[in-house]
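Here our numbering is used: the first residue of the sequence shown is 5, the next is one more, and so on.
Idealized CB from N, CA, C, for every residue including glycine.
Here the structure is laid out as structure tokens; the discussion comes afterwards.
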Amino acid sequence: MSVRILRLKEVQRMTGLSRSTIYAEIAKGKFPKQVKLTGARSVGWYENVVVEWVESRKKA
């Protein structure tokens, strides 16, 4: 089973959050941290972690 990595635009589409809100929520510990990809500035998020976060928000 392969794990899919989402880039920022995909995370924004899935969550409905803006870039600044995503990073603010990460800083508060309320959103999953990004993972570093190859390249100095490349980051992404594990799809399954973002999906779990979205599902938990629906229940709250």
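Point to revise | Same chain, Cβ closer than 6 Å to N52, five either side skipped, listed in chain order | key: none
Point to revise | Three-state secondary structure assigned by DSSP to K37 | key: coil
Review point. Name the DSSP beta bridge partners of L10, please?
Key: W49
Review point. Can you list, in chain order, the residues of its chain whose CB lies under 8 Å from that of Q16, leaving out five sequence neighbours each side?
Key: S22, R23, I26
Check your understanding: Exposed or buried, what is L10 when buried is set at 16 or more other beta-carbons lying within 10 Å of its beta-carbon?
Key -> buried
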